[in-house]
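Below is one structure, written out as structure tokens; the observations come after it.
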Amino acid sequence: MSGTPTAVVVAAALTHEGTLLLAQRTRPPELAGLWELPGGKVEPGESEDSALARELREELGVECSIGAALSGDVDLAGGLVLRAYRATLVSGTPAALEHSALRWVDAAMLPTMDLVDADRLWLPELLDILLTS
Ligand code: C5P
Numbered sequence: 021m022s023g024t025p026t027a028v029v030v031a032a033a034l035t036h037e038g039t040l041l042l043a044q045r046t047r048p049p050e051l052a053g054l055w056e057l058p059g060g061k062v063e064p065g066e067s068e069d070s071a072l073a074r075e076l077r078e079e080l081g082v083e084c085s086i087g088a089a090l091s092g093d094v095d096l097a098g099g100l101v102l103r104a105y106r107a108t109l110v111s112g113t114p115a116a117l118e119h120s121a122l123r124w125v126d127a128a129m130l131p132t133m134d135l136v137d138a139d140r141l142w143l144p145e146l147l148d149i150l151l152t153s
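Counting in the numbering used here, the sequence shown runs from 21 upward without gaps.
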């Protein structure tokens, strides 16, 4: 289709010492209680890296360095595309400023978490990252 740029939602695979940070959603009701890679929408004129760093600042209160993209995009409802990037902490300790809880999970715990469907695409790659870091 021409004319309508695709809106991108960026999400972070934020890792630290062999664990991955998951955040528990509060909304909408059908997603509340499920766990996701934290992130949000890229604003017009913003790069994906800057958008993800901003979202992590707003949602977690931390400064992060954004790395390589994970493999594959996920088509979301409403013409949105979800893309994930590696991220590492530069400063601060993550706090659940916009989520109901945060959890650092290791490779054993990750498959047991109730993830939002969209993020499940990356489960094998996330496990690989955790097992090789
Ligand atoms: O968090 P927010 O509501 O801004 O996210 C926009 C859209 O991206 C929502 O549909 C949300 O479910 C989706 N999303 C996702 N996985 C993430 C982050 C956001 O499916 N890790």
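Cβ atoms here follow ideal geometry from the backbone N, Cα and C, with glycine treated the same way.
Per DSSP, the beta bridge partners of Thr35 are Leu40.
Here the alpha carbons of Leu135 and Glu50 stand approximately 12 Å from one another.
For Leu90, there is no enclosing beta strand (DSSP E), since its DSSP letter is neither H nor E.
Annotation for Ala73: the continuous alpha helix (DSSP H) segment containing it runs Glu68 to Leu80.
Beta-bridge partners assigned by DSSP to Leu117: none are found. Contact holds between the region 64–83 and the region 115–135, because three or more Cβ pairs, one in each stretch, are under 8 Å apart. Spanning the alpha carbons of Val29 and Ser91 requires a straight line of approximately 15 Å. Within the DSSP secondary-structure output, Ser111 pairs in a beta bridge with Glu83.
Checking the 6 Å criterion, the Cβ of Gly99 is out of range of every heavy atom belonging to the ligand C5P.
Excluding residues up to 5 positions away in sequence, Arg45 and Thr46 lie with their Cβ nearer than 7 Å to the Cβ of Ala52 in the same chain. When DSSP states are grouped into helix, strand and coil, Ala97 belongs to the helix group. Assigned with DSSP and collapsed to three states, Leu51 falls in coil, not helix or strand.
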